[in-house]
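Take a look at the structure set out below.
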Amino acid sequence: MHYRIDSPRGKGEKLCYFRDIRTGFATLFADRFWFPKIVLGGLLLINPVLLLVLPKSIGGWTQHQSLLLGLLITNVCSFWLALGFTYEVLRRARFGREQLPEWSGRVLRQYLREGAVKFTISLTTLLLPLFAWVATCYGLFVRLLGLPVNLLSLFIPFGSWLAVPFCAVACCRWLDGAAVSACALDYRENFRLFWNKRADFLIASAFLGGLNAILMSFFYTIPFALFFGLCLVDTWFGPIYASAVEKKPGSFAPADSPAS
1 MHYRIDSPRG KGEKLCYFRD IRTGFATLFA DRFWFPKIVL GGLLLINPVL
51 LLVLPKSIGG WTQHQSLLLG LLITNVCSFW LALGFTYEVL RRARFGREQL
101 PEWSGRVLRQ YLREGAVKFT ISLTTLLLPL FAWVATCYGL FVRLLGLPVN
151 LLSLFIPFGS WLAVPFCAVA CCRWLDGAAV SACALDYREN FRLFWNKRAD
201 FLIASAFLGG LNAILMSFFY TIPFALFFGL CLVDTWFGPI YASAVEKKPG
251 SFAPADSPAS
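Start counting the sequence shown at 1; every next residue gets the next number (my numbering).
Put into structure tokens, the structure is as follows:
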């Protein structure tokens, strides 16, 4: 799937930029039901009604508190299904199957189980590193240098840029048969695989960050933007991880290239 940025062209061959990025979009859009699948996944990931109610509740809105609680409970129950779906996207990308998985009753149990696995792994490979990064920035820029605390959110994208592919590596290791505890806690092996294809992972993560910033700009599109972004970036992370494990040449941006 990956192509060198300096790959030679034959006479008269049309130059195609961003082939990996195009391939990721093509994988999603090749499924004629991609839009309803993304919409359903977004609804399960974060209920849009919850986004409508929650800001009012934070601002002192005291009506329909039972509705808010019911929405939260429902969202907690459905959240695992959305994560499990994205795990199946990652599996198919890792092993070369280029199509979106299905939403059906017979796969819900699998999605629940694998959603729980993905969340468990993300606790120590995504959320914990991101929390440590934000805490460090708080201590340095807010407490020491005196920046207002409401600027703390500016530091989150950089931490996410590094943590998201690191978490993806850990998730791929579970697909290869590693134990959940090893994927979640073996930082040394996760970092080794991440570092082997660091340029590719970081390019994909940077694109995800920019895409999410655009798609989430209308606020109520946040659930669908996040779910679409997770599915899209997994179509890149899977093959990148495969090349890191198999140590094949031909990376989109080789680690020893000027782009790294």
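Backbone N, C-alpha and C define an ideal beta-carbon position, used for all residues, glycine too.
Margin query: Buried or exposed for N190, going by 16 or more other Cβ atoms inside 10 Å?
Written below: buried
Check: For L112, which residues of its own chain have a beta-carbon under 8 Å away from its beta-carbon, when the five flanking residues on both sides are left out?
Finding: W80, L81, G84
Notebook entry, point to check: By how many angstroms is the C-alpha of F228 removed from the C-alpha of L45?
Noted result: Taking the straight line from one Cα to the other gives about 11 Å.
Next item on the list: Buried or exposed for G139, please, with buried defined as at least 16 other CB atoms from any protein chain shown within 10 angstroms of its CB.
Entry: exposed
Next item on the list: Verify whether the separation of the beta carbon atoms of L230 and T86 is less than 8 Å.
Entry: yes
Notebook entry, point to check: What whole-angstrom Cβ distance do P165 and F201 have, given they're in contact under 8 Å?
Noted result: Contact holds; Cβ gap of about 4 Å.
Notebook entry, point to check: Where does G70 fall in DSSP's three states?
Noted result: The answer is helix: DSSP assigns G70 an H, G or I state.
Item checked: Contacting residues, own chain, Cβ-Cβ under 8 Å from T221 (five flanking each side not counted) -> L215
Checklist line | Rounded C-alpha distance that separates R91 from C172 | finding: Cα to Cα, R91 sits roughly 8 Å from C172.
Notebook entry, point to check: Can you tell me whether Y241 is buried or exposed, with buried defined as 16 or more other CB within 10 angstroms of its CB?
Noted result: buried
Checklist line | From T124, A199, A182, L211, residue whose alpha carbon lies closest to that of P157 | finding: L211
Note to self: Rounded to the nearest angstrom, what separates L108 and G115 at their Cα positions?
What the structure shows: L108 and G115: Cα-Cα distance of roughly 10 Å.
Next item on the list: Take D6 and list the residues in its own chain whose beta-carbon comes closer than 7 Å to its own, dropping the five residues that flank it on each side.
Entry: Only weak support exists for where D6 lies, its pLDDT of 48 falling under 50; the value from the coordinates is given anyway. Around D6: no qualifying Cβ.
Item checked: Whole-angstrom distance between V233 and L50, CA atom to CA atom -> 26 Å
Next item on the list: In the DSSP assignment, find the unbroken alpha helix (DSSP H) run with N190 in it and report its ends.
Entry: For N190, the enclosing alpha helix (DSSP H) stretches over residues 187-196.
Margin query: I'd like the list of long-range same chain contacts for L175, defined as Cβ closer than 6 Å, with 5 residues on each side in sequence excluded.
Written below: R91, R94
Check: Which residue's Cα is closest to the Cα of F155: T124, A26, F237, F131?
Finding: F131
Note to self: Could you tell me the alpha carbon to alpha carbon distance between R143 and L226, rounded to whole angstroms?
What the structure shows: Looking at the two C-alpha atoms, the distance is approximately 32 Å.
Notebook entry, point to check: Excluding the five sequence neighbours on either side, which residues of its own chain have a C-beta within less than 7 Å of the C-beta of T120, listed in chain order?
Noted result: V180, A184
Notebook entry, point to check: Do you know offhand how far L52's Cα is from T27's?
Noted result: The alpha-carbon atoms of L52 and T27 are separated by roughly 32 Å.
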